[in-house]
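J.:
There are 2 protein chains.
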Amino acid sequence: MQHILILGGDGYLGWPTAMYFSQRGYKVTVVDNYFRRNACTELDVGMLYPVPTLQDRAKIWHERTGLEIKVVIGDLTDPEVMRGLFNGRVSYNWAIDSEFSGIPDTVVHYAEQPSAPYSLIDYRYANITVQNNLLITNNLVWALRDFSRDTHVIHIGTMGEYGTPNIDIEEGWIDIEHKGRRDRFLFPRQASSLYHTTKIMDTDLFWFGVRMWDLKVTDLMQGPVYGIETDESEILEQRSEVRKQRSEIRDQRSEIRDQRSEIRDQRSEIRDQRSEIRDQLEDRRHLRTIFNYDEIFGTIVNRFIVQAVVGYPLTVYGKGGQTRGYLNIKDTLQCVHMSEKTPAKSGELRIFNQIMESFTANELAEKT
Amino acid sequence: MQHILILGGDGYLGWPTAMYFSQRGYKVTVVDNYFRRNACTELDVGMLYPVPTLQDRAKIWHERTGLEIKVVIGDLTDPEVMRGLFNGRVSYNWAIDSEFSGIPDTVVHYAEQPSAPYSLIDYRYANITVQNNLLITNNLVWALRDFSRDTHVIHIGTMGEYGTPNIDIEEGWIDIEHKGRRDRFLFPRQASSLYHTTKIMDTDLFWFGVRMWDLKVTDLMQGPVYGIETDESEILEQRSEVRKQRSEIRDQRSEIRDQRSEIRDQRSEIRDQRSEIRDQLEDRRHLRTIFNYDEIFGTIVNRFIVQAVVGYPLTVYGKGGQTRGYLNIKDTLQCVHMSEKTPAKSGELRIFNQIMESFTANELAEKT
């Protein structure tokens, strides 16, 4: 039985990934320190609907499927917390069987501060971003070096690491011919946010670990991921209940649309309606992923969808001409699964660019 | 009057740099948290001779020259400590005039854990290295962004960042032609220690700050620096005293050489002699720089010199075939001064490769 360890298991991708692999017969362990939830509270940006704690989600999952997802609440910037997941000193915050699951065959590393706007709010959030993202990646590299060089790491990069160079973007690597000699290098990276820059620095660390200690790393370079439901969350909701709620929302939506011109002058009313919608979506025992639609943690497609639903003008930054590749959350899970099934070799830093559809922000706004 | 701020002012390069600029009429502020001294104590690696505290050094400097070097003892991984040096909230641990010196025209950034072996001792030292080096660089970038985008940063990189690629190493940048289009990129970097990797990551952060906020940065890429005395420390020692000690050492050295074969079997005797030499060099009120000759903080030339003096076999790692460029400490100070006099422009990340002489470790051992 393959054992998969998910760092950042409470996040937007973390929890759906945990259910995905659990459903397919893997032993699954998730780790999180509720960084995202706490940041949302601190910045006073709400999520679309309340989400049960990681321990509660694991309980609900177990009740509905009989499957176990072990839960660890801990801060992975502390190297001892990271190492406990490999040397067995971990104690689970929730598990059916509290015995150590053993060294993981695969680590999915999502445990990063994932927001570009957050990383640029001010110097304090910049400091937190650098500290969180780089200490965790470094601690992971060292735990692998010391306990399990055969474990395969799947890391989520971003297409934004490449920036907008005046040459074609390649998949991670480029051959450079210079003064009659040739060598193969990482494709040059230069990003436009501090968050994206920490992902570049992650690659520096992984590439060092791969060359020195023959680690196995796959980096999935993605654009913004969108969507809420995955097969696992959908199958397990009471479908009719959800359908009922959905048609109610749809009715409200058309009602809201009729009132749009009036509503624009009455933002406070919108706020009331919005909380109504939120109340209706509020099913405290659900398995849907965390969903932000704010300016900090809400990525562009997710933000547009919610803004459209409540009749709020779509917020496009700058001229809206920036072209990005977008990816549905279900496709992300498939990318991770395919990487897991055929891991990188020893001493290989494998890089895949994952784009499904490319749009400018304005095109996207029109589609919405 | 130009104001120069030296981060890491207690270190091997920091203190000589402070005296160098003070002697030439600059306002000088030094900051340090005694990281290097504390690490030496923790790892039980001694320095060649005791060194007065930074406060004491500033006092001695003032007594002998009438010049003021302001001293701040503080940890620059704390963003508030860094910002205090720009917004005036700093309180000096030693100063003649405790009034804020104002925003610096130039920052020399030496405040890094500087040892490759230290960064690889184990996961804890790796964690400390990443945390110290990257948080400080990031805090500096944000302080400049917020308070003074015109201040020029001089950072010390290392030739080791380039690794040993199969193409010619250029000075920081390379033009890449790819599928008929061209662009200019940072020369690819891939180092062989975690310490060197943090210097690469420093460059990621600086390059981000330069592109986003038009900062001015010069990166001096050096090989290992060697030597003890600089014009400032020499001028101010009681020269005859030093000369007397030196000839004594020279006598002891030839004596020791005669006894070498015997001594090899009698390491404990050598240890006694070594401490004798140390006693003779021990002048508690001197202005020489910190000098390590151990395997952690002692760089290769400095280590060889001391090993030769005490008749201990030279320690060459591996096959000794690694070729590196070496630089005398006096040349380093001149490089820094030249960079200071003609700063980088707004939005420029300027990179100089600083090598004076290239040797393999074996050639160096033969020279010694």
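As you go down the protein sequences, you meet chains W and C in turn.
For the first sequence, my numbering begins at 1 and goes up steadily by one.
For the second sequence, my numbering begins at 1001 and goes up steadily by one.
Every residue gets a Cβ at the ideal spot worked out from N, C-alpha and C, and that includes glycine.
1) So V1130 of chain C contacts chain W; which residues on that side make the cut at Cβ distance below 7 Å?
2) What does DSSP give as the partner residue(s) for W1094 of chain C in the beta ladder?
3) Taking the DSSP output, what are the residues bridged to F185 of chain W?
4) Is there a C-beta anywhere in chain C that falls below 7 Å from the one on T197 of chain W?
5) Using a cut-off of 8 Å between C-beta atoms, extract the partners of L1113 of chain C located in chain W.
6) Does the CB of P188 of chain W have a neighbour CB from chain C at under 7 Å?
7) Using the DSSP secondary-structure output, state which residues sit across from G1325 of chain C in a beta bridge.
8) Could you tell me which of W:I154, W:K341, W:N292 and W:L144 sits nearest to C40 of chain W, measuring between CA atoms?
9) If we ignore side chains and look at the alpha-carbon of each, how far apart do Q1055 of chain C and L1135 of chain C end up?
10) My output table needs one value for V1336 of chain C: the three-state DSSP class, helix, strand or coil.
11) Would you mind giving the Cβ-Cβ distance between S1369 of chain C and F1297 of chain C, rounded to the nearest angstrom? I have them listed as a contact below 8 Å.
12) What does I103 of chain W reach in chain C if we use C-beta pairs closer than 9 Å?
13) Based on DSSP bridge pairs, tell me the residues matched to M221 of chain W.
14) Are the C-beta of Y1125 of chain C and some C-beta of chain W separated by less than 7 Å?
15) Would you mind working out which of C:G1088, C:E1068 and C:G1011 sits nearest T1382 of chain C, comparing C-alpha positions?
16) Of all Cβ atoms in chain C, is any one closer than 7 Å to the Cβ of K179 of chain W?
17) In this structure, how does DSSP classify I1296 of chain C when only helix, strand and coil are distinguished?
18) Which residues does DSSP pair with I4 of chain W in a beta bridge?
19) Taking the alpha-carbon positions, what's the I121 of chain W to M1212 of chain C distance?
20) Within the continuous alpha helix (DSSP H) that includes M19 of chain W, where are the two ends?
21) Taking a contact to mean a Cβ-Cβ separation below 7 Å, would you say G1209 of chain C touches A1111 of chain C in this structure?
22) Give the residues of chain C in contact with R285 of chain W, contact being defined as C-beta atoms less than 7 Å apart.
23) Among W:I73, W:A95 and W:L144, whose alpha-carbon lies nearest the alpha-carbon of P104 of chain W?
24) Cβ of N166 of chain W less than 7 Å from any chain C Cβ?
25) With contact counted as at least three CB pairs below 8 Å, one residue from each stretch, are the stretch 221 to 232 of chain W and the stretch 9 to 28 of chain W in contact?
26) Exposed or buried, N302 of chain W, counting other C-beta atoms within 10 Å across all chains shown (16 or more means buried)?
27) What would DSSP say about H152 of chain W, mapped onto helix, strand or coil?
28) What does the alpha-carbon distance come out to for the pair M201 of chain W and I154 of chain W?
29) Quick one: which chain W residues come within Cβ less than 7 Å of L1215 of chain C?
30) What number of angstroms, rounded off, separates the C-alpha of L314 of chain W from the C-alpha of G14 of chain W?
31) To which residues of the same chain is C335 of chain W closer than 6 Å at the C-beta, ignoring the five residues directly before and after it?
32) Under 7 Å, Cβ to Cβ, is there at least one residue of chain W near W1015 of chain C?
33) What separation, rounded to the nearest whole angstrom, lies between the Cα atoms of K1319 of chain C and R1189 of chain C?
34) Measuring only the C-alpha atoms, how far is V141 of chain W from V108 of chain W?
35) Buried or exposed, going by whether 16 or more other CB atoms sit within 10 Å of the CB of E1161 of chain C?
36) Mind reading off the beta-carbon distance from L1327 of chain C to V1225 of chain C? Whole number of angstroms is fine, and I expect it under 8 Å.
T.: This is what the structure holds:
1) For the purposes of this step, residue 1130 of chain C is taken as the residue at position 130 of the second sequence. By Cβ distance, chain W contributes L134, L135 and N138.
2) Here residue 1094 of chain C refers to the residue found at position 94 when the second sequence is read from its first residue. C:V1071, per the DSSP bridge assignment.
3) Against the first sequence, residue 185 of chain W aligns to sequence position 185. In the DSSP assignment, the residues bridged to F185 of chain W are W:I174.
4) Numbered from 1 along the first sequence, position 197 holds the residue referred to as residue 197 of chain W. Answer yes: the Cβ-Cβ gap between T197 of chain W and chain C drops below 7 Å somewhere.
5) Numbered from its first residue, the second sequence carries residue 1113 of chain C at position 113. Correcting the residue type first, residue 1113 of chain C is Gln in the shown sequence and not Leu. By Cβ distance, chain W contributes nothing, its closest Cβ being about 13 Å from Q1113 of chain C, past 8 Å.
6) Taking the first residue of the first sequence as position 1, residue 188 of chain W is located at position 188. Chain C, which has a Cβ nearer than 7 Å to the Cβ of P188 of chain W, makes this yes.
7) What you label residue 1325 of chain C is simply residue 325 of the second sequence in a count that begins at 1. G1325 of chain C pairs with C:S1358.
8) Against the first sequence, residue 40 of chain W aligns to sequence position 40. When only C-alpha atoms are compared, the closest one is W:N292.
9) Translated into positions along the second sequence, residue 1055 of chain C becomes position 55. Translated into positions along the second sequence, residue 1135 of chain C becomes position 135. Taking the Cα positions, Q1055 of chain C is about 25 Å away from L1135 of chain C.
10) Stepping through the second sequence from its first residue, residue 1336 of chain C is reached at position 336. Residue state, collapsed to three classes: helix.
11) Only positions 1001 to 1368 of chain C appear in this structure, which leaves residue 1369 of chain C out of reach.
12) Working through the first sequence from its first residue, we reach residue 103 of chain W at position 103. Residues of chain C whose Cβ lies closer than 9 Å to the Cβ of I103 of chain W do not exist; the shortest such Cβ separation is about 16 Å.
13) Here residue 221 of chain W refers to the residue found at position 221 when the first sequence is read from its first residue. Looking at the DSSP assignment, M221 of chain W forms a beta bridge with W:G157 and W:N353.
14) In the second sequence, the residue the question calls residue 1125 of chain C occupies position 125. Y1125 of chain C is outside the set of residues whose beta carbon lies under 7 Å from a beta carbon in chain W.
15) There is no way to answer for residue 1382 of chain C, as the model of chain C reaches only from 1001 to 1368.
16) Here the question's residue 179 of chain W lines up with position 179 in the first sequence. Yes, its Cβ sits closer than 7 Å to a Cβ of chain C.
17) The residue given as residue 1296 of chain C occupies position 296 in the second sequence. Of the three classes helix, strand and coil, the one that applies to I1296 of chain C here is coil, per DSSP.
18) The residue labelled residue 4 of chain W in the question sits at position 4 within the first sequence. Residue pairing for I4 of chain W: DSSP places it in a beta bridge opposite W:V28 and W:T106.
19) Position 121 of the first sequence, counted from the first residue, corresponds to residue 121 of chain W. Position 212 of the second sequence, counted from the first residue, corresponds to residue 1212 of chain C. The alpha-carbon of I121 of chain W is positioned some 14 Å away from that of M1212 of chain C.
20) The residue given as residue 19 of chain W occupies position 19 in the first sequence. Per DSSP, M19 of chain W belongs to the alpha helix (DSSP H) from G14 to Q23.
21) Your numbering for residue 1209 of chain C matches position 209 in the second sequence. Your numbering for residue 1111 of chain C matches position 111 in the second sequence. No, Cβ-Cβ distance for G1209 of chain C and A1111 of chain C is not below 7 Å.
22) Taking the first residue of the first sequence as 1, we reach residue 285 of chain W at position 285. Those within 7 Å of R285 of chain W in chain C number zero; the least Cβ separation is about 39 Å.
23) The sequence position of residue 104 of chain W within the first sequence is 104, counting from 1. Among W:I73, W:A95 and W:L144, the Cα nearest to that of P104 of chain W is on W:L144.
24) In the first sequence, the residue the question calls residue 166 of chain W occupies position 166. Under the Cβ distance rule, N166 of chain W counts among the residues neighbouring chain C, one pair being separated by less than 7 Å.
25) Segments in contact, yes.
26) By 1-based counting over the first sequence, the position of residue 302 of chain W is 302. Under this definition N302 of chain W is a buried residue.
27) Position 152 of the first sequence holds residue 152 of chain W. In the structure shown, H152 of chain W sits in a strand (DSSP, three-state: E or B).
28) For the purposes of this step, residue 201 of chain W is identified with residue 201 of the first sequence, where counting begins at 1. For the purposes of this step, residue 154 of chain W is identified with residue 154 of the first sequence, where counting begins at 1. M201 of chain W and I154 of chain W: Cα-Cα distance of roughly 16 Å.
29) To locate residue 1215 of chain C, count along the second sequence from 1; it is residue 215. Result: empty, since nearest Cβ-Cβ is about 14 Å, beyond 7 Å.
30) Translated into the one-based positions of the first sequence, residue 314 of chain W becomes position 314. Translated into the one-based positions of the first sequence, residue 14 of chain W becomes position 14. So the alpha carbons of these two residues sit roughly 28 Å apart.
31) Within the first sequence, numbered from 1, the residue matching residue 335 of chain W stands at position 335. Closer than 6 Å at Cβ, skipping near neighbours: L220 and Q354.
32) Locating residue 1015 of chain C in the second sequence gives position 15, counting from the first residue. For W1015 of chain C, no CB of chain W lies under 7 Å from its own CB, so it is not counted at the interface with that chain.
33) Position 319 of the second sequence, counted from the first residue, corresponds to residue 1319 of chain C. Position 189 of the second sequence, counted from the first residue, corresponds to residue 1189 of chain C. When rounded, the distance between both Cα atoms is 24 Å.
34) Taking the first sequence and counting its residues from 1, the one referred to as residue 141 of chain W is at position 141. Taking the first sequence and counting its residues from 1, the one referred to as residue 108 of chain W is at position 108. Across the structure, V141 of chain W and V108 of chain W are spaced so that their CA atoms are roughly 13 Å apart.
35) Numbered from 1 along the second sequence, position 161 holds the residue referred to as residue 1161 of chain C. The residue in question, E1161 of chain C, is buried, as its Cβ has 16 or more Cβ neighbours within 10 Å.
36) Stepping through the second sequence from its first residue, residue 1327 of chain C is reached at position 327. Stepping through the second sequence from its first residue, residue 1225 of chain C is reached at position 225. The pair is a contact, with the Cβ atoms about 5 Å apart (cut-off 8 Å).
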